[in-house]
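Student: Quick note on numbering: the sequence shown equals residues 19 to 141 in our numbering.
Note that CB positions come from ideal geometry on N, CA and C, so glycine has one too.
Just so you know, these numbers come straight off a predicted model, no measurement behind them.
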Amino acid sequence: MVMHQVILSLGANYQAEKNLPEAQKSLGQILFSPHYTDAIWTEPIASKRTDLYLNQLVKAQTELDFEALIKAIKEIEIRHGRTPEEREQGIVRIDIDVLEFDGVHHHQRDWERPYVKDLLPQL
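(1) Is the beta carbon of I94 less than 7 Å from the beta carbon of S44?
(2) Do K89 and the ligand GDP come close, with the Cβ less than 6 Å from some heavy atom?
(3) Given a cut-off of 7 Å, decide if D136 and S27 are closer than it, judged by their beta-carbon atoms.
(4) Where does Q74 sit, in a helix, a strand or coil, going by DSSP?
(5) Roughly how many angstroms lie between the CA atoms of I96 and A30, to the nearest whole one?
Laid out in structure tokens, this is it:
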């Protein structure tokens with residue numbers, strides 16, 4: 019069994035205090051030994067709404083390859099109510115991004131975001 023090392027970012031600006039923990043439970047089905055950072059409130063970046071975001075990082079292991087992980091994450095987002103219509107309106111019930119997979123960085127702009135820089139030392 020091949021295990022992959024991952025860092026994911028989680029964010030929500032709608033019912034965030036409810037949606038983030040629910041997303042963590044769902045991620046528990048695909049992640050092993052997850053280590054979550056604190057969740058912090060952040061100002062929106064390039065959003066159509068002014069709602070604050072609740073952001074968090076998690077470092078974990080997964081058996082899924084990169085493509086399967088992306089698919090599983092998108093399914094979790096949909097299961098937790100994410101729709102294209104709400105995305106268009108700037109409503110984010112949950113957004114989960116793969117920041118790192120087996121040492122390879124993804125979502126390069128996210129690595130420059132203050133909340134990522136602030137939370138990384140907790141991992």
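Tutor: Taking the geometry as given:
(1) In terms of Cβ geometry, I94 and S44 form a close pair [threshold 7 Å].
(2) Because no ligand of any kind appears in the structure shown, any question about the ligand GDP cannot be addressed here.
(3) Not in contact: S27 and D136 (Cβ atoms no closer than 7 Å).
(4) Residue state, collapsed to three classes: strand.
(5) Their backbone Cα atoms lie some 13 Å apart in a straight line.
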